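The numbers in my numbering rise by one with no breaks, and the one at position 62 of the sequence shown is 54. The beta-carbon is built from N, C-alpha and C at its ideal position, and this holds for glycine as well. The structure displayed is predicted, hence computed values, not measured ones. The next block holds one structure in the form of structure tokens; read it before the comments.
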Amino acid sequence: EAKKEVSGDKGQNYMTTFSKQPGAKKAEMGYYYRVMEKGKGKINKTDTVAIVVKESLAGGKVVKDMSKMGKALVLPLDKFPPLFQSAIMKMNKLGRLQMVVPPELAYGEEGSAPDIPPNATMVYEIQVVNVNPDLKTH
-7 EAKKEVSGDK GQNYMTTFSK QPGAKKAEMG YYYRVMEKGK GKINKTDTVA
43 IVVKESLAGG KVVKDMSKMG KALVLPLDKF PPLFQSAIMK MNKLGRLQMV
93 VPPELAYGEE GSAPDIPPNA TMVYEIQVVN VNPDLKTH
């Protein structure tokens, strides 16, 4: 069971290190983030937003990289999980942000087999690729 402890500590260390980087801020929800590109043009609560997400573990293992898959997640802003809503609202159109999320805001004690161990600190890079894309397909 010692392995579990290690992943928790590694995540904690990663978060501490990240929190000391220039530009890193702590969000009200409890995650740390850094806006890498602010972008231009405000995103409104009523907008539909297309984002590309790169999800990795604090140890560096990439779980999912949507840009490599050529995919984007397109949803009305209020349909995103609260965590992502919060992050998206910190950027403008075409913005890019990196966030480090403690386990309790991510996958928690369960993790998500097979890639995400229990109590994993998650690292997300979120890029807003489009806002209110003209969705002609219904």
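When the Cα atoms are used, proline 110 and proline 95 turn out to be separated by approximately 8 Å. In the same chain as methionine 114, and ignoring 5 residues on each side of it, the C-beta atoms closer than 6 Å to its own belong to Val93 and Ala98, in chain order. The beta carbons of lysine 56 and glutamate 47 sit about 5 Å from each other, so the pair counts as a contact at 8 Å. In this model, asparagine 84 and lysine 32 are separated by some 5 Å (Cα to Cα). Residues of the same chain with a CB within less than 8 Å of the CB of glutamine 77, apart from the 5 flanking positions on each side, are Leu69 and Asp70 in chain order. Approximately 11 Å separates the beta-carbon atoms of methionine 81 and tyrosine 25; this is outside 8 Å, ruling out the contact. In terms of Cβ geometry, alanine 79 and leucine 89 form a close pair [threshold 8 Å]. Annotated as proximal: serine 11 and lysine 18, with beta-carbon spacing under 8 Å. DSSP places glutamate 96 within a helical segment (H, G or I) once states are collapsed to three. When DSSP states are grouped into helix, strand and coil, aspartate 57 belongs to the strand group. A straight-line Cα-Cα distance of about 32 Å links threonine 38 and isoleucine 108. Taken through DSSP and simplified to helix, strand or coil, tyrosine 24 comes out as strand. DSSP, read as helix, strand or coil, puts threonine 113 in coil.
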